[in-house]
Amino acid sequence: MLDFIGIGLGPFNLSLASLLQNKSDLQYQFFEQKNGFDWHAGMQLPNALLQVPFMADLVSLVEPTSSYSFLNYLKHQQRLYKFYFRENLYIPRQEYNHYCQWVVQQLEHIRFNSRVLDVQPIKGGFEVEVLANSEKQRYQTRQLVLGIGTVPHLPESLQQAYPKTKQCLHSAEYLKHCPAQLKGNVVLIGSGQSAAEIFIDLFDRQYLQGKTKPEFHLHWLTRSAGFFPMENTPLGLEHFSPDYMQYFYHLPAGLKATLPAQQANLYKGISSKTIRDIYERLYHRSIGGQQTDVTLAGHHQLQHAEVLENQKIRLRFEHQQQGEHYVLDADSVIAATGYRYPKPAFLENLQNLIRLDQTQRWQVSADFEVNYQGDGRIFLQNMEVFHHGVGTPDLGLGAHRAATIANQLLGKELFKLDQAQSYQQFGVTPAAQSEQPARNPVQLADSGLARVTHKSEPLRHKAPAFYSCVKLSEHID
Numbered sequence: 001m002l003d004f005i006g007i008g009l010g011p012f013n014l015s016l017a018s019l020l021q022n023k024s025d026l027q028y029q030f031f032e033q034k035n036g037f038d039w040h041a042g043m044q045l046p047n048a049l050l051q052v053p054f055m056a057d058l059v060s061l062v063e064p065t066s067s068y069s070f071l072n073y074l075k076h077q078q079r080l081y082k083f084y085f086r087e088n089l090y091i092p093r094q095e096y097n098h099y100c101q102w103v104v105q106q107l108e109h110i111r112f113n114s115r116v117l118d119v120q121p122i123k124g125g126f127e128v129e130v131l132a133n134s135e136k137q138r139y140q141t142r143q144l145v146l147g148i149g150t151v152p153h154l155p156e157s158l159q160q161a162y163p164k165t166k167q168c169l170h171s172a173e174y175l176k177h178c179p180a181q182l183k184g185n186v187v188l189i190g191s192g193q194s195a196a197e198i199f200i201d202l203f204d205r206q207y208l209q210g211k212t213k214p215e216f217h218l219h220w221l222t223r224s225a226g227f228f229p230m231e232n233t234p235l236g237l238e239h240f241s242p243d244y245m246q247y248f249y250h251l252p253a254g255l256k257a258t259l260p261a262q263q264a265n266l267y268k269g270i271s272s273k274t275i276r277d278i279y280e281r282l283y284h285r286s287i288g289g290q291q292t293d294v295t296l297a298g299h300h301q302l303q304h305a306e307v308l309e310n311q312k313i314r315l316r317f318e319h320q321q322q323g324e325h326y327v328l329d330a331d332s333v334i335a336a337t338g339y340r341y342p343k344p345a346f347l348e349n350l351q352n353l354i355r356l357d358q359t360q361r362w363q364v365s366a367d368f369e370v371n372y373q374g375d376g377r378i379f380l381q382n383m384e385v386f387h388h389g390v391g392t393p394d395l396g397l398g399a400h401r402a403a404t405i406a407n408q409l410l411g412k413e414l415f416k417l418d419q420a421q422s423y424q425q426f427g428v429t430p431a432a433q434s435e436q437p438a439r440n441p442v443q444l445a446d447s448g449l450a451r452v453t454h455k456s457e458p459l460r461h462k463a464p465a466f467y468s469c470v471k472l473s474e475h476i477d
């Protein structure tokens, strides 16, 4: 029986695999249904940058001397001085992808083209059925680490039109399926970084081969109030620290359910550099009174889409502030409308053994363990945004979470995780006097506040304190 099986191999489970390589006697396998590592392949646009500094690689924020660090990758690529002279902490998205592929080539216990079909509870753990090379294989394991990632999400208003035409696509498939020749009205929906990067690509494609007239008119429309930057100042970024993650975990469930939406500026929006790049393009094109051939507008809520006989896509919008309705016939529609956590069928046989909270989300401990009532243990990667906060999908917390899970898998503290990394105090300051009497552990449990596990407690056999909450298929754009 294996010690654990990792399902899915995105950056977060790859971080776990990198941290554990040659560090323990654990017996494990990672299964990934794709034929290789290719991170957001549909959005590997030229000149697109990662939105976090290079230190948010697979290992550095936990183990900076690891041979799988980004700096060591640069050394092997003979790019250290080139990176040094560049004087930019933010690396190309294509280079991050190549870095991860470089790490994958050095790791053991990874199997691509391996799709998990089913997981059954058994005595001592789980039996996992995997389809690999057209053959079904079965493995037994004591523990699972779910790193299945997210899937593209289309708003309900586009879901009927999407399967009826190739001219409607999600941003995740932009590079693969966007037509080489565009015409008429091209409509881009969304206001995040992906939408902004696609806008730049489309803008640069409007005038090709020296033509004096645009190939198409570009509409960039969003239901948001406008096109705003994502928070990128040091004190704001401390909300992506382990300190804030712990603080968020112990907040009341009702408050945690509302905070991610209120904190949208922390993890949604566009980088300031990208906004400036867009504005510079618009400014240059408009010299001498030239038309920009672009429409940018906020407060535009898409209500309905239908495919016409001529294959145009009729879009019905409402301006949310003016209450005005209008129709736009599009030749192509690109929806940069985010992602959802999937509800994988292979977990169906475990659902009745997983404790839920009052909102029907999985209960999860501070150490990312699911409250599973059968034999074995289940850990989560990037499925707990309403549990650990807005830093859940952030690459900067990936190594920290992977190391936390690794310590649980090992039953010992192989990776020492630093605390108190933030300058600001997120809760009541130590010098402050609380007006409420202290509550005992039983009262805390009844109120929904989970206890903090002390470092002296044994890791493998402790009963984790569970709190809300993962609800599969939650929207996280």
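Mapping of the sequence shown onto full-length UniProt numbering: position 387 corresponds to residue 387, and the numbering continues sequentially without gaps.
Glycine is no exception: its CB is placed at the ideal position from the N, C-alpha and C atoms.
- request: Using 10 angstroms around the beta-carbon of ILE189, count the other beta-carbons present and answer buried if the total reaches 16, otherwise exposed.
  value: buried
- prompt: Just checking, does the stretch 274–292 make contact with the stretch 142–156 on the three C-beta pairs under 8 angstroms criterion?
  reply: Per the Cβ contact rule, the stretch 274–292 is not in contact with the stretch 142–156 (fewer than 3 Cβ pairs under 8 angstroms).
- request: Could you check what DSSP says for GLY376 in three-state terms: helix, strand or coil?
  value: Residue state, collapsed to three classes: coil.
query: Under a three-way DSSP split, which group does THR453 fall into?
result: Because THR453 carries a pLDDT of 39, less than 50, the predicted location of this residue cannot be relied on, and no value is offered for it.
message: Please report the straight-line C-alpha distance between residue 486 and TYR28, rounded to a whole angstrom.
response: Absent from the structure is residue 486, since the part of the chain shown begins at 1 and ends at 477.
field: Start and end residues, alpha helix (DSSP H) containing ASP118
entry: First-last for ASP118: 114–122, but that is the beta strand (DSSP E), not the alpha helix (DSSP H).
Residues bridged to ARG111 (per DSSP): PHE31
query: In the DSSP assignment, what residue or residues form a beta bridge with GLN140?
result: Bridge partners of GLN140: GLU127.
- request: With SER272 as the anchor, note down where its alpha helix (DSSP H) starts and where it stops.
  value: 272–285
field: Buried versus exposed, by CB contacts within 10 Å (16 or more), TYR73
entry: buried
task: Output yes or no for whether 8 angstroms exceeds the beta carbon distance between GLN44 and GLN105.
output: Cβ atoms of GLN44 and GLN105: not closer than 8 angstroms.
- request: For the beta strand (DSSP E) containing GLY6, list its first residue and its last residue.
  value: 4–7
message: Let me make sure I understand the geometry here. Which of THR359, ARG401, LEU347 has the alpha-carbon closest to that of GLU369?
response: ARG401
- prompt: Alpha carbon to alpha carbon, what distance is there between ASP38 and PHE248?
  reply: Rounded to whole angstroms, the separation of the alpha carbons of ASP38 and PHE248 is 32 angstroms.
task: For TYR99, collect the residues of the same chain with a Cβ closer than 6 angstroms to its Cβ; drop the 5 residues on either side in sequence, then sort them by chain order.
output: PHE70, TYR73
message: Quick check on GLN421 - is its C-beta less than 8 angstroms from some C-beta in chain B?
response: No chain B is part of this structure, which consists of one protein chain only.
task: Look at the alpha carbon of LEU208 and the alpha carbon of ARG79, and state the distance between them as a whole number of angstroms.
output: Cα to Cα, LEU208 sits roughly 33 angstroms from ARG79.
message: Once DSSP output is grouped into helix, strand and coil, what is the label at ALA420?
response: coil
field: Neighbourhood of GLN358 by C-beta distance below 6 angstroms, restricted to the same chain and skipping five residues each side
entry: none
query: Using 8 angstroms as the Cβ pair cut-off and three pairs as the minimum, do the stretch 150–159 and the stretch 300–307 touch?
result: yes
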